[in-house]
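Numbering (our numbering), first residue to last: 287 to 486.
As structure tokens, then:
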């Protein structure tokens, strides 16, 4: 008998949400009960799933659903994702870790609540991923690296061994870091950068 899927609410209905929906469907652990979007989007659909509410309805939803994932994208700033994460933490809800079955995650790594690991990403031994992070498709997090809370590591970025990425940072697609450097909190690294300095 198939195990019954747990219901999950997605917060944010844009392009990143579409990508996460595909991961959730491939993972086959959670059933998407609905999406929280803008008021003007209520009734619309994303990948066949209805936008059922706006942020104003979150208190009501938390009485009926326990699992939530923030699927709002993160480019210039993590501020909106952090605001939603903080709001939801005020309720007795669960932030699951969502990992694509096509990703590799070492059993010796750790991933914080509310983070998502997209298709073909790789997280190696002793790496630590904080809460509410996006590890996007084909990103590589090498051994002993630390990705602090509320970061977005974009597609095909390479975070080499022992690197610390400070909280609320954005690392653009195709970026490569030198090993054992520290990237300061709130950093914005544009696509295809090479980061070799001790800090930013």
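Glycine residues also receive a C-beta, built at the ideal position from the N, C-alpha and C atoms.
Treat the numbers as computed from the prediction; the structure is a model and nothing was measured.
**Prompt:** Cα separation between residue 408 and residue 332?
**Reply:** Rounded to the nearest angstrom, the two C-alpha atoms are 27 angstroms apart.
**Prompt:** For residue 356, which of 350, 349, 346 and 379 has the nearest alpha-carbon?
**Reply:** Checking every option, the nearest Cα to that of residue 356 belongs to 379.
**Asked** From residue 330 to residue 319, what does the alpha carbon distance come to, in whole angstroms?
**Response** 14 angstroms
**Item:** When 344, 479, 421 and 396 are compared against residue 430, the one with the closest alpha-carbon
**Value:** Residue 430 has its Cα closest to that of 396, out of 344, 479, 421 and 396.
**Message:** In whole angstroms, give me the CA-to-CA distance for residue 454 and residue 400.
**Reply:** 14 angstroms
**Asked** Mind checking whether the beta-carbon of residue 304 lies closer than 7 angstroms to any heavy atom of the ligand COA?
**Response** Inclusion of the ligand COA in the displayed structure is not the case, the ligand content being empty and no account of it being possible.
**Asked** Under three-state DSSP, which class holds residue 496?
**Response** The requested residue 496 does not occur in the structure, where the chain is confined to residues 287 to 486.
**Item:** Start-to-end residues for the beta strand (DSSP E) that takes in residue 292
**Value:** 292-297
**Request:** Indicate the three-state DSSP secondary structure (helix, strand or coil) for residue 287 in the structure shown.
**Result:** Any reading at residue 287 must be qualified, since the residue scores a pLDDT of 43, below 50, and its modelled position is unreliable; no value is offered.
**Message:** With a threshold of 8 angstroms, are at least 3 pairs of Cβ atoms found where one atom belongs to the region 297-313 and the other to the region 373-393?
**Reply:** yes
**Item:** C-beta atoms of residue 349 and residue 317 nearer than 8 angstroms
**Value:** no
**Prompt:** Could you give the distance in angstroms between the alpha-carbon of residue 472 and the alpha-carbon of residue 363?
**Reply:** 8 angstroms
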